[in-house]
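Shown next, in structure tokens, is the structure this report addresses.
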Amino acid sequence: MKFDRCKTVNTISAVADCMPTECLLNNFSSLYRLKIATAWFRRFQVFLKNSICNAHRKTPRNPLTVVKLREAEVSWVKYIQWQHFAQWILGLSGDKRRIIGKTSIDKLNQFLVDGILRVGGCLEKAPLGFETKHPIILPKLSHVMHLIVRDSHVKCGHSGLNHTLAVLLSKVFGATATVRRLPCVNQCNQCCLKTVKPGKQLMAGMPDSRLQLGFPPFARVRVDYFVPLMVRLRRSEAKRYRCLFTCIDYKGGAYGGSKRLIY
Numbered sequence: 606m607k608f609d610r611c612k613t614v615n616t617i618s619a620v621a622d623c624m625p626t627e628c629l630l631n632n633f634s635s636l637y638r639l640k641i642a643t644a645w646f647r648r649f650q651v652f653l654k655n656s657i658c659n660a661h662r663k664t665p666r667n668p669l670t671v672v673k674l675r676e677a678e679v680s681w682v683k684y685i686q687w688q689h690f691a692q693w694i695l696g697l698s699g700d701k702r703r704i705i706g707k708t709s710i711d712k713l714n715q716f717l718v719d720g721i722l723r724v725g726g727c728l729e730k731a732p733l734g735f736e737t738k739h740p741i742i743l744p745k746l747s748h749v750m751h752l753i754v755r756d757s758h759v760k761c762g763h764s765g766l767n768h769t770l771a772v773l774l775s776k777v778f779g780a781t782a783t784v785r786r787l788p789c790v791n792q793c794n795q796c797c798l799k800t801v802k803p804g805k806q807l808m809a810g811m812p813d814s815r816l817q818l819g820f821p822p823f824a825r826v827r828v829d830y831f832v833p834l835m836v837r838l839r840r841s842e843a844k845r846y847r848c849l850f851t852c853i854d855y856k857g858g859a860y861g862g863s864k865r866l867i868y
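What the sequence shown shows, in my numbering, is residues 606 to 868, in sequence order.
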């Protein structure tokens, strides 16, 4: 009769708390680094599509350009808008049944341009840029908005709160509440170093001689000597020291002279 040995196998199952896209977004604290990483991911995605479809297109190997970084930023803007305003995007795309209930952007006269939700308004004929007249709609406390605020603050040369807010409002709607609530401007490391207040030295304890009462003025004094002065005496010159006598008890002072230093 034969017995087979049983082997114990341990299995581990892991469940992700959030989507991989959200994990990638939350791992970056700089908008510029996020755009670089996204541009490389998009290029790798094109390479995989060409390899699967057996396409003879060559994947570009040149460095990233400004256009690619701009496309990466636009892709994140579209992703965040789909996460929060999907019903409005679908409704403006043609399906009016998707717009159900009231939302926080009902009064903005929004419209869709190249898949991006923008603010309408009465500045259509103003001599301003298109992004200034129709800024992008983003949720107030999203991580992408946080990165945009921090990036604008750095590009403004670490300017104050009002100047950073003025630059943001020219391209993003909803930046006012974001700047007021998020500490990315008020707690900037370089700004804190520039505006730090000088430290105040604590006063030391007073000596016993200044705390005793009943002594007449100048009963106990301190002497401070000035630098030596050359004094004319008849046909010769001599060194003389100026003395400052300070009363310890009453903070009075008196001047005097001395021929030599007394240690």
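For every residue, glycine included, the Cβ atom is placed at its ideal position computed from N, Cα and C.
**Message:** Please classify Met750 as buried or exposed, where buried requires at least 16 neighbouring CB atoms within 10 angstroms.
**Reply:** By the neighbour-count criterion, in which a residue is buried when 16 or more other Cβ atoms sit within 10 angstroms of its Cβ, Met750 is buried.
**Message:** Can you give me the C-alpha to C-alpha distance between Phe778 and Leu733, rounded to a whole angstrom?
**Reply:** 16 angstroms
**Asked** How is the beta strand (DSSP E) around Phe652 delimited, first residue to last?
**Response** That residue, Phe652, is in no beta strand (DSSP E); its alpha helix (DSSP H) goes Leu636 to Ile657.
**Asked** For Leu669, which option in Gly819, Leu774, Met835 and Arg648 has the closest C-alpha, if you only look at C-alpha atoms?
**Response** Arg648
**Message:** For His748, which residues in the same chain have their Cβ closer than 7 angstroms to its Cβ, ignoring the five residues on either side in sequence?
**Reply:** Contacts found: Leu630 and Asn631.
**Request:** Could you please give the first and the last residue of the uninterrupted alpha helix (DSSP H) stretch that includes Met750?
**Result:** His748 to Lys760
**Asked** For Phe690, is the classification buried or exposed, using 16 other Cβ atoms within 10 angstroms of its Cβ as the cut-off for buried?
**Response** buried
**Prompt:** Hey, is the segment 682-696 in contact with the segment 716-732, meaning 3+ C-beta pairs nearer than 8 angstroms?
**Reply:** Enough Cβ pairs lie closer than 8 angstroms, so yes.
**Unbroken stretches of the beta strand (DSSP E), 3 residues or longer, contained in the segment 792-827** = none
**Length of the line joining the Cα atoms of Arg675 and Lys805** = 48 angstroms
**Item:** Residue range of the unbroken alpha helix (DSSP H) whose run includes Tyr684
**Value:** Run containing Tyr684: Val671 to His689, per the alpha helix (DSSP H) assignment.
**Prompt:** Does the segment 850-857 come close enough to the segment 821-833 to have 3 or more Cβ pairs within less than 8 angstroms?
**Reply:** Yes, the segment 850-857 touches the segment 821-833.
**Message:** Just verifying my parser: in three-state terms, what is the DSSP assignment at Ala843?
**Reply:** strand
**Request:** With DSSP as the reference, label Cys727 as helix, strand or coil.
**Result:** coil
**Request:** Select from Ile685, Phe831 and Trp645 the residue whose C-alpha is nearest the C-alpha of Asn667.
**Result:** Trp645
**Message:** Along the chain, where does the alpha helix (DSSP H) containing Val832 start, and where does it finish?
**Reply:** No alpha helix (DSSP H) contains Val832, which DSSP labels as neither H nor E.
**Asked** Quick one: Cα of Pro803 to Cα of Gln792, how far?
**Response** 18 angstroms
**Residues that DSSP places opposite Leu722 in a beta bridge** = Its beta-bridge partners are Leu717.
**Asked** Who are the Cβ neighbours of Gly819 in its own chain at under 6 angstroms, not counting the five residues just before and after it?
**Response** none
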